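Okay, structure first, notes after.
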Amino acid sequence: MNNDQGTLMPVALDQLRAFDLNPRITRNPNYDEIKESIRHRGLGQLPQITRRPGEDFYIIASGGNTRLAILNELWLETHDKNYWNIICHYRAWQTERSIEEGNLDCLLGHLVENDKRGSLTFIERALGVQHAVEMYQRLNSDCFQRDLVKMLSQAGYSVSQTQLSIMSSAIQYLLPYIPELLYSGLSRKSTERLLTLRSNTERFWDKYCQELLPAPEHHVPLFDDIFALALTSFNEPTTDFSLEHIQDELTGLVSKTLNIDYNTVALVTDARAQKCNTILGSEPVPELPNISEQRCVELKHTCLQMLRFMHIDCSYTVAFLVAHLPLNGIL
Numbered sequence: 507m508n509n510d511q512g513t514l515m516p517v518a519l520d521q522l523r524a525f526d527l528n529p530r531i532t533r534n535p536n537y538d539e540i541k542e543s544i545r546h547r548g549l550g551q552l553p554q555i556t557r558r559p560g561e562d563f564y565i566i567a568s569g570g571n572t573r574l575a576i577l578n579e580l581w582l583e584t585h586d587k588n589y590w591n592i593i594c595h596y597r598a599w600q601t602e603r604s605i606e607e608g609n610l611d612c613l614l615g616h617l618v619e620n621d622k623r624g625s626l627t628f629i630e631r632a633l634g635v636q637h638a639v640e641m642y643q644r645l646n647s648d649c650f651q652r653d654l655v656k657m658l659s660q661a662g663y664s665v666s667q668t669q670l671s672i673m674s675s676a677i678q679y680l681l682p683y684i685p686e687l688l689y690s691g692l693s694r695k696s697t698e699r700l701l702t703l704r705s706n707t708e709r710f711w712d713k714y715c716q717e718l719l720p721a722p723e724h725h726v727p728l729f730d731d732i733f734a735l736a737l738t739s740f741n742e743p744t745t746d747f748s749l750e751h752i753q754d755e756l757t758g759l760v761s762k763t764l765n766i767d768y769n770t771v772a773l774v775t776d777a778r779a780q781k782c783n784t785i786l787g788s789e790p791v792p793e794l795p796n797i798s799e800q801r802c803v804e805l806k807h808t809c810l811q812m813l814r815f816m817h818i819d820c821s822y823t824v825a826f827l828v829a830h831l832p833l834n835g836i837l
């Protein structure tokens, strides 16, 4: 029997395999709910399967790896044949396609299906997209980022070039040091904020080392190592995530390493400074008046300076203030 999803056919459980390039790495957060639904109602959505040329078993072609794992669990628990003999939607492997092209098609199918359910973490989506991009680049050597965006869009998985860059940066700069935090479900927004923190601080670090650091003191660690050191202490589940704590750790490390004031660095790493930089497109100026000097300034001096700056006649204005305001102890 055929329908728009393929040929309906019965398949024994031991003939099925999960897709080996499945973008899901962590356990589905809805695993227990899905298991109870299958136990009491059966498979609400039949698995879509295919078979690579030369292989004896079928693979999940588009979503359904979680359901396959649950079916195996239920079979071991109950030995109920309803969990052994499964009706699936079978689509034949397109013989004109290479194995790589077919794998890419399956991977994109899994990304689309999982994205519909919103059950992948941001880093899982990023890794899945990266794998798809690498496969496409092997098949099409001369391609640009816009070609990758078009390829993903045509497969039903729309991302912008900016999103592609964020995904790539998260894998390169964050995943090696905070995998547990990312895999536990760190959101795209929080990931972007971490990457913005890194970018702003690195620009400040490079500028300071190149322009302000005395030549004999140029032997400083790589910024990548400083950032990694700041991150590794926070490789915990998202329930404990605090950008402010990471920001404080990074600020302290940069301050100590470059031997500059903590508050000077904080003007760059502070979240408000980051937001200002994003909106205005300019770097915050890392300079603060000395606090002790601020406290020593006399109010009289400050008032007169302000009035001169405003091009107001000081003698007339001071006379006015003396006549109308209680300035005892100030002037």
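Everything in the sequence shown is counted per this note's numbering, starting at 507 for the first residue and increasing by one.
Every residue gets a Cβ at the ideal spot worked out from N, C-alpha and C, and that includes glycine.
What you are looking at is a predicted structure, and each value in this text was computed from that prediction instead of being measured.
Rounded to the nearest whole angstrom, the CA to CA distance from Tyr642 to Tyr768 is 46 Å. When the five nearest sequence neighbours on each side are left out, no beta carbon in the same chain lies closer than 6 Å to the beta carbon of Ala575. Remark: fewer than three beta-carbon pairs, one from each stretch, lie closer than 8 Å, so the region 559-566 and the region 647-655 are not flagged as touching. The beta carbon of Glu579 is closer than 8 Å to those of Lys541 in its chain, skipping five residues each way along the sequence.
Take the alpha-carbon of Gly634 and the one of Leu703: they are about 25 Å apart. Collapsing the DSSP output to three states places Pro685 in a helix. Using a 10 angstroms sphere on the CB of Gln753, the tally of other CB atoms reaches 16 or more, which defines it as buried. Put simply, the backbone Cα of Ile672 is about 25 Å away from that of Gly569. Under the three-state reduction of DSSP, Ala518 is assigned to strand.
Burial is judged here by how many other beta carbons sit within 10 angstroms of a residue's own beta carbon; Gln554 has at least 16 and is buried. Between the beta-carbon of Ala736 and that of Leu759 there is about 5 Å, and that keeps the pair under the 8 Å contact cut.
By alpha-carbon distance to His616, the top candidate from Val639, Glu583, Leu519, Tyr663 is Tyr663. Per the C-alpha coordinates, the member of Pro559, Thr738, Asp776 positioned closest to Glu606 is Pro559. Restricted to the region 533-578, the beta strand (DSSP E) segments that are unbroken, complete and at least 3 residues in length are 554-556, 564-566, listed in chain order.
Between Trp599 and Leu519 a beta carbon distance of about 21 Å is seen, past the 8 Å cut, so the two are scored as non-contacting. Secondary structure of Ile752 (DSSP, three-state): helix. Residue range 591-596 is occupied by the beta strand (DSSP E) that includes Ile592.
DSSP places Thr627 outside both helix and strand once states are collapsed to three, so it counts as coil. In the three-state reduction of the DSSP assignment, Thr757 falls in the helix class.
CA-to-CA, the gap between Lys695 and Gly548 works out to about 37 Å. Going by DSSP, Ile677 is part of no alpha helix (DSSP H) at all; its letter is neither H nor E. The three-state secondary structure of Gly608, taken from DSSP, is helix. A distance of 9 Å or more separates the beta carbons of Leu654 and Tyr679.
The C-beta distance from Thr627 to Leu688 rounds to 7 Å, short enough to fall under 8 Å. Contact annotation: Ala638 and Leu681 have beta-carbon atoms that are not nearer than 9 Å. One alpha carbon belongs to Arg597, the other to Phe733, and they sit about 48 Å apart. Counted as a single uninterrupted DSSP element, the stretch harbouring Phe740 is not any alpha helix (DSSP H), since DSSP gives it neither H nor E. Annotated as distal: Ile544 and Glu630, with beta-carbon spacing of 9 Å or more.
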